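**Student:**
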Amino acid sequence: MSFKAPATPPQMKPNRPNPTGTERDTSASPQRQRTAKPGQMHIAVKLFISLLLAWHVTAVFLAPLSISPSSPLVVEVAQGSFMQWYLDALYLNHGYHFFAPEPSNGHLIRYTLTDDRGEIVAEGEFPSKRDYWPRLRYHRYFMLADQCQVAAANEAEANQWQQRYLKAYAQELLREHEGATTARVKRVVHYPAYRKHVLNNMPLTDPQTYKQEAEVIQRRQDLDIPPPNQNGAFNSRWRQDVASGWQGGIR
0 MSFKAPATPP QMKPNRPNPT GTERDTSASP QRQRTAKPGQ MHIAVKLFIS
50 LLLAWHVTAV FLAPLSISPS SPLVVEVAQG SFMQWYLDAL YLNHGYHFFA
100 PEPSNGHLIR YTLTDDRGEI VAEGEFPSKR DYWPRLRYHR YFMLADQCQV
150 AAANEAEANQ WQQRYLKAYA QELLREHEGA TTARVKRVVH YPAYRKHVLN
200 NMPLTDPQTY KQEAEVIQRR QDLDIPPPNQ NGAFNSRWRQ DVASGWQGGI
250 R
């Protein structure tokens, strides 16, 4: 009976003793260096960027939240000197407001210009998607129509401010149309349609959804219009800044 010789087993490497002291520290340091990701930001830089983003998002929300009706604390923080500088520097202190959960009423400015014989020289309304584009220009006129409603201490003062705004619009229209002698400007409220009306296929522009709120009549004979300058345009100092002062006046 014969036996087959077993294959030669692979030679085993002798066990290497664990390094001690300085050798162990030297061998472990390359492993720690390899675990660090190249280009990784320092923790201080991450913290600074996170705080800056949190500050910016807070400023973006505080600007519309400070519009009345609002909390006195929110108004005090939003109109504080440091926050106000940041909002103005980045042009974040605009008049936007949160319309949710229910959108408020819309407003239109409708005007009619007539001559001394009573014939219509020009008429129109703003904002108008047909006449004012691109969207940014439409929004500017949208804000002019909406800013007539100024937050005041009482209704009488609010109506007084509204009359001043409408009169300023009428004066500007007369300056732009030399043939007109009388300007009639109306502020119209556009109410959102009710659900039952929409289900009955009533259009959103139905006349029932519009209501006249205020009206002014401005005559050219009561308006001191300066002579045009060399370019044929009126002096800019006569143009009234009707959009300023909606929140705390000019800063």
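All the letters of the sequence shown, read from the start, carry residue numbers 0 to 250 under numbering that gives the first Met the number 0. Note that the Cβ used here is the ideal one computed from N, Cα and C, for glycine as well. If you're wondering where the values come from, they're calculated on a predicted model, not measured in any experiment.
Among L112, V197, S127, which has the Cα closest to the Cα of V120?
**Tutor:** Counting from one through the sequence shown, the residue named residue 120 turns up at place 121. Closest option to V120, Cα to Cα, is L112.
**Student:** Take V76 and list the residues in its own chain whose beta-carbon comes closer than 7 Å to its own, dropping the five residues that flank it on each side.
**Tutor:** The count along the sequence shown starts at 1 and reaches residue 76 at position 77. Result list for V76: L61, M82, in chain order.
**Student:** By Cβ distance, which residues of its chain are closer than 6 Å to T180, with the 5 residues on each side in sequence left out?
**Tutor:** On the sequence shown, residue 180 is found 181 positions in, with the first residue counted as 1. Around T180: D114, D115, R219.
**Student:** Three or more beta-carbon pairs under 8 Å between the region 146-161 and the region 193-209, yes or no?
**Tutor:** With the cut-off at 8 Å, the region 146-161 and the region 193-209 do not touch.
**Student:** Around the C-beta of S243, are 16 or more other C-beta atoms found within 10 angstroms, so that it is buried, or is it exposed?
**Tutor:** Here residue 243 refers to the residue found at position 244 when the sequence shown is read from its first residue. Because the pLDDT at S243 is just 42, under 50, the model does not fix this residue reliably, and the value given afterwards should be weighed accordingly. By the 10 Å Cβ count, S243 comes out exposed.
**Student:** Taking Cβ to Cβ, would you say V184 is nearer than 9 Å to V149?
**Tutor:** As a first step, residue 184 must be located in the sequence shown, where it is residue number 185. As a first step, residue 149 must be located in the sequence shown, where it is residue number 150. No, the Cβ-Cβ distance between V184 and V149 is not below 9 Å.
**Student:** Could you spell out where the alpha helix (DSSP H) holding H55 opens and where it closes?
**Tutor:** Taking the sequence shown and counting its residues from 1, the one referred to as residue 55 is at position 56. Its alpha helix (DSSP H) spans residues 42-64.
**Student:** For S69, which residues of its own chain have a beta-carbon under 7 Å away from its beta-carbon, when the five flanking residues on both sides are left out?
**Tutor:** Counting from one through the sequence shown, the residue named residue 69 turns up at place 70. No residues qualify anywhere along the chain.
**Student:** Kindly indicate which three-state DSSP category Y168 falls into: helix, strand or coil?
**Tutor:** Taking the first residue of the sequence shown as position 1, residue 168 is located at position 169. If DSSP states are grouped into helix, strand and coil, Y168 belongs with the helices.
**Student:** Looking at C-alpha atoms only, which residue of L89, H41, V44, G79 is the closest neighbour of V56?
**Tutor:** Mapped onto the sequence shown, residue 56 falls at position 57. Nearest of L89, H41, V44, G79 to V56, Cα basis: L89.
**Student:** Buried or exposed: where does A169 fall if 16 or more other Cβ atoms within 10 Å of its Cβ makes it buried?
**Tutor:** To locate residue 169, count along the sequence shown from 1; it is residue 170. By the 10 Å Cβ count, A169 comes out buried.
**Student:** Would you list the one or two residues that DSSP bridges to E283?
**Tutor:** Past the boundaries of the shown model lies residue 283; the chain is included only from 0 to 250, so the question cannot be answered.
**Student:** May I ask which residues mark the beginning and end of the beta strand (DSSP E) holding A213?
**Tutor:** Sequence index remark: in the sequence shown, residue 213 carries index 214 (1-based). Looking at the DSSP string, the run of the beta strand (DSSP E) that includes A213 is 209-218.
**Student:** Determine whether the beta carbon atoms of H189 and L135 lie at a separation below 9 Å.
**Tutor:** Within the sequence shown, the letter at position 190 stands for residue 189. Within the sequence shown, the letter at position 136 stands for residue 135. Not closer than 9 Å, so no.
**Student:** Keeping to the same chain, check which residues put their C-beta closer than 8 Å to that of D130; ignore five residues upstream and five downstream.
**Tutor:** On the sequence shown, position 131 is the one that residue 130 refers to. Cβ within range, chain order: G123.
**Student:** So, is Q159 buried or exposed, given that buried needs 16 or more other C-beta atoms within 10 angstroms?
**Tutor:** Your numbering for residue 159 matches position 160 in the sequence shown. With fewer than 16 Cβ atoms within 10 Å of its Cβ, Q159 is classed as exposed.
**Student:** Buried or exposed: which applies to P126, given that a residue is buried once 16 or more other Cβ atoms fall within 10 Å of its Cβ?
**Tutor:** Numbered from 1 along the sequence shown, position 127 holds the residue referred to as residue 126. Buried, because 16 or more other Cβ atoms sit within 10 Å of the Cβ of P126.
**Student:** In the DSSP assignment, the alpha helix (DSSP H) including H176 goes from what residue to what residue?
**Tutor:** The count along the sequence shown starts at 1 and reaches residue 176 at position 177. Taken as a continuous stretch (DSSP letters only), H176 belongs to no alpha helix (DSSP H), as it is neither H nor E.
**Student:** In angstroms with no decimal places, state the Cα-to-Cα distance between A43 and A144.
**Tutor:** Residue 43 sits at position 44 when you count from the first residue of the sequence shown. Residue 144 sits at position 145 when you count from the first residue of the sequence shown. Taking the straight line joining both Cα atoms gives about 48 Å.
**Student:** Going straight from the alpha carbon of V74 to that of Q161, what length do you get?
**Tutor:** Residue numbering aside, residue 74 sits at position 75 when the sequence shown is read from its first letter. Residue numbering aside, residue 161 sits at position 162 when the sequence shown is read from its first letter. About 23 Å.
**Student:** May I ask you to list the residues that DSSP assigns as paired with R186?
**Tutor:** Sequence index remark: in the sequence shown, residue 186 carries index 187 (1-based). Answer is I108, A213.
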